[in-house]
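Number of protein chains: 2
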Amino acid sequence: MSRAERRRQMLDVAEQVFGERGYQATSMDEIADRCGVSKPMLYEHFGSKDGLLLACMRRSKTELFEVTQKAMAQATDPADILWRGMVAYFGFVESHSASFAMILREPIGPPETMKALDEARAQQSGLIAGVLTTFVPDAPADVVAAYTQIIMGASERLAQWQTGRPDVTAEDAARYMTDFCWSGLSPYIADRKGTG
Amino acid sequence: MSRAERRRQMLDVAEQVFGERGYQATSMDEIADRCGVSKPMLYEHFGSKDGLLLACMRRSKTELFEVTQKAMAQATDPADILWRGMVAYFGFVESHSASFAMILREPIGPPETMKALDEARAQQSGLIAGVLTTFVPDAPADVVAAYTQIIMGASERLAQWQTGRPDVTAEDAARYMTDFCWSGLSPYIADRKGTG
DNA sequence: CCCGTTACCTACTCCGGGTAAGTTACCCGC
DNA sequence: GCGGGTAACTTACCCGGAGTAGGTAACGGG
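The listed protein sequences derive, respectively, from chains A and B.
Here the first sequence is numbered in our numbering, starting from 1 and rising by one per residue.
Here the second sequence is numbered in our numbering, starting from 1001 and rising by one per residue.
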């Protein structure tokens, strides 16, 4: 088998196994076995267990980024951008729940990996911040930065929560997010206090 | 040294070391050494490395819960509840950043630990959901549930982000959160589109 | 047919989580 | 003061899994 093919296969298997068992409980031996290959091959390709996880994450994150970016590119109206981005995001997590849920849910641990996760988040937040600045240019920079974090944190947690609740679809989750982002709690408060 | 004293000391040391090195990179031997005690003592007290982390987390989470609960109890006005809760939360994270940041930031890994973290979150979300239902009773149950997750996720991420930005105080973070929760992006959009 | 390269394996080391069995020190009734 | 029970503590170990050294087998070009 060629190097590239083997690498792909290893990533597929690793993603699967990490998803099943979680990072800690996954042994390199098992991944090697399932690939029908021996451990040193994994190390030649990825250097370490962390490296392997890292490679999996990068692949998933790249895919996620592309999916959301493309989805958002199709919209012109600000509200529609938000909506399409959210739908794409939650849809992706839903369809890749086996492997991707681990990245959100389980923790990981190795410092290098966290750095990579932060970078991936930075990339995603760049998207969000870009949207925010273009469509709410009045907002000061610090507010944009903070709101970007808020939106990302909220999205990740909601995605995680959604994976445990089959009755909540990706569209539902997207709607919760867009509604909340749009006007927060005020719709439910306005008629009681008029504070809006 | 008495059992209770020793246990306290072990938790203090463990919290410290976990905070410094992160979960993975921390060895039970090091914690034992720093306690001036041998490894089996740790195991007698906490059963496993996970158990030790779990105990640390429970202690921190309990403290966090009490702090936020007390802060919120002092308020009567809905907006004030939100505000006080947020200030208490971000203030706590700020002051306990060394040890507590790890719980938010680093991943962890062991499944049992994640379950405990979820329970702790459930406790916190109970607080939030309670507030939401009492002060926005018009909102349907599913919206309350989803918004609870959104608020928690947003808070955790913002807290994490704040730890890396010394210029952002706990009050700033709390303000970002309350503003966003209150009316989302609409204040920045309203004057452009009138959609608010 | 030889030689270099590339995919690959066996057989190890080492570290760290976890444990078995023993040792000291203290407290109690006699 | 002295057996004896108990509770804090130790040394010395096992074992699984991450990571590695060094060797083999097949293939493609001259």
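Every residue gets a Cβ at the ideal spot worked out from N, C-alpha and C, and that includes glycine.
* Limits of the alpha helix (DSSP H) - the one that S2 (chain A) falls within -> Neither: S2 (chain A) is in no alpha helix (DSSP H) and is coded neither H nor E.
* Asked: Given a threshold of 16 other Cβ atoms within 10 Å of its Cβ, counted over all protein chains shown, does Q1024 (chain B) qualify as buried or as exposed?
  -> With 16 or more other Cβ atoms within 10 Å, it is buried.
* Span of the alpha helix (DSSP H) holding A75 (chain A)? -> Boundaries cannot be given for A75 (chain A), as no alpha helix (DSSP H) includes it and DSSP labels it neither H nor E.
* Taking only beta-carbon positions, decide if V1143 (chain B) is within less than 9 Å of chain A. => Chain A contact via Cβ: present.
* To do: Could you check how far apart the C-beta atoms of F1090 (chain B) and A1173 (chain B) are, in whole angstroms? I think they sit under 8 Å.
  => Yes, F1090 (chain B) and A1173 (chain B) are in contact; Cβ-Cβ is about 4 Å, under 8 Å.
* Asked: Helix or strand or just coil, what does DSSP make of V168 (chain A)?
  -> It is coil, neither helix nor strand.
* To do: State the Cα-Cα distance for the pair V143 (chain A) and E171 (chain A), rounded to the nearest angstrom.
  => Rounded to the nearest whole angstrom, the CA to CA distance from V143 (chain A) to E171 (chain A) is 27 Å.
* Asked: Roughly how many whole angstroms lie between the Cα atoms of L1042 (chain B) and T1026 (chain B)?
  -> Each residue's alpha carbon lies about 14 Å from the other.
* Coarse secondary structure for P140 (chain A), derived from DSSP in three states -> Coil.
* Name, please, each residue of chain A whose Cβ falls closer than 8 Å to the Cβ of I1150 (chain B). => Those are A154, R157, L158, Y176, M177 and F180, listed as they occur along chain A.
* To do: Check whether the Cβ of W83 (chain A) lies closer than 9 Å to any Cβ atom in chain B.
  => It does not: the Cβ of W83 (chain A) has no partner Cβ on chain B nearer than 9 Å.
* **7 Å Cβ shell around M1177 (chain B) - same chain, five flanking residues per side excluded** => Taken in chain order, the residues that qualify are M1086, A1154, S1155 and L1158.
* Inspect the beta-carbon positions of Q149 (chain A) and Q1149 (chain B) and report whether they are closer than 9 Å. => Going by C-beta atoms, Q149 (chain A) is not nearer than 9 Å to Q1149 (chain B).
* Asked: Can you tell me where the alpha helix (DSSP H) with Y43 (chain A) in it begins and where it stops?
  -> Per DSSP, Y43 (chain A) is one residue of the alpha helix (DSSP H) stretching across K39 to F46.
* Decide if Q1074 (chain B) is buried, meaning its Cβ has at least 16 other Cβ atoms within 10 Å, or exposed. => Under this definition Q1074 (chain B) is an exposed residue.
* Asked: Is there a Cβ from chain B that is less than 9 Å from the Cβ of A173 (chain A)?
  -> Under the 9 Å criterion on CB atoms, A173 (chain A) is classed as interfacial with respect to chain B.
* When you compare only the Cα positions, how much space is there between E1044 (chain B) and V1168 (chain B)? -> If you take the alpha carbons of E1044 (chain B) and V1168 (chain B), they lie about 42 Å apart.
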